[in-house]
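>
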Amino acid sequence: MKKLLQITVLLLFCFNAFSQDLKQYQELSVDSMLINVDMKALDSGILYDRTSALSNLKEFNTKEKNIATVKLFEQALYDLYKSSNKEKFVSYKTARKNYPVNTEYDQVGIGIINARFQSVNFNEENKEENGLRLEKGNFHEIEGKKTFNEHNTLIFAPLRDYAMGDVINFSFDKSLFFEESNNKICFY
Numbered sequence: 176m177k178k179l180l181q182i183t184v185l186l187l188f189c190f191n192a193f194s195q196d197l198k199q200y201q202e203l204s205v206d207s208m209l210i211n212v213d214m215k216a217l218d219s220g221i222l223y224d225r226t227s228a229l230s231n232l233k234e235f236n237t238k239e240k241n242i243a244t245v246k247l248f249e250q251a252l253y254d255l256y257k258s259s260n261k262e263k264f265v266s267y268k269t270a271r272k273n274y275p276v277n278t279e280y281d282q283v284g285i286g287i288i289n290a291r292f293q294s295v296n297f298n299e300e301n302k303e304e305n306g307l308r309l310e311k312g313n314f315h316e317i318e319g320k321k322t323f324n325e326h327n328t329l330i331f332a333p334l335r336d337y338a339m340g341d342v343i344n345f346s347f348d349k350s351l352f353f354e355e356s357n358n359k360i361c362f363y
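Read in order, the letters of the sequence shown are residues 176 to 363 in this note's numbering.
1) Could you check the C-alpha separation between T226 and G340 for me, to the nearest Å?
2) Could you tell me how far apart the beta carbons of I285 and L334 are, in whole angstroms, since I believe they sit closer than 8 Å?
3) Cα separation between G306 and S356?
4) In terms of DSSP beta bridges, what is I285 paired with?
5) Taking DSSP's pairing of strands, which residues face S294 in a bridge?
6) When the Cα of K359 is compared with those of Y274, K178 and R291, which residue comes out closest?
7) Who are the Cβ neighbours of N327 in its own chain at under 6 Å, not counting the five residues just before and after it?
8) Could you check if N296 is buried or exposed, using at least 16 other CB atoms within 10 Å of its CB as the buried criterion?
9) Going by other Cβ atoms of all chains shown within 10 Å of its Cβ, with 16 needed for buried, is E314 buried or exposed?
10) Identify, in the order they occur along the chain, each residue of the same chain with its Cβ nearer than 6 Å to the Cβ of V205, setting aside the five sequence neighbours on each side.
Spelled out as structure tokens, the structure:
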């Protein structure tokens with residue numbers, strides 16, 4: 176038993192001694208790659224490339240993908256929150272505090288996201304349409320081409336996975352309505 180303990184301590188010491196120091200590797204962010212680009216064209220303040228974009232909002236509201244769930248709503252809210260450097264929207268954890276608290280399965284709250292966001296105009300497969308070129312880890316503008324692509328998304332999502340009953344009641348709450356768009360939604 177004593178020998179097993181000594182071997183374990185030795186192995187842990189070796190793993191620690193030869194492991195990589197993560198502090199020596201600077202994380203590459205899209206913002207650091209855009210230092211040579213005029214950021215005035217990023218007028219939405221939301222650069223979708225700042226996040227892993229698991230909600231895939233660029234492809235939402237298409238014929239193939241247009242059904243929203245509470246999971247998509249939360250992921251989209253998180254992606255937009257991170258894409259704006261946490262300056263616009265709120266985290267999904269903060270939004271959850273405003274979800275309707277009811278035990279009735281015939282009551283469903285609705286979350287709404289109406290957002291305009293942008294992404295870098297760079298695509299490895301289609302270089303003719305690029306507005307940016309990549310040189311030595313930095314983006315550079317291509318004269319006469321747009322630097323950022325504009326996207327819009329509109330999501331109406333039930334904030335419950337399922338409902339039961341003969342009549343389902345949907346409720347809208349302004350605290351669950353997130354809008355950063357030129358195309359405003361008017362409620363009469």
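Backbone N, C-alpha and C define an ideal beta-carbon position, used for all residues, glycine too.
Considering the structure as presented:
1) 39 Å
2) 7 Å
3) 23 Å
4) P333 and F347
5) N324
6) R291
7) R291
8) buried
9) According to the sequence shown, residue 314 is Phe rather than Glu. Label assigned to F314: buried.
10) D224 and R225
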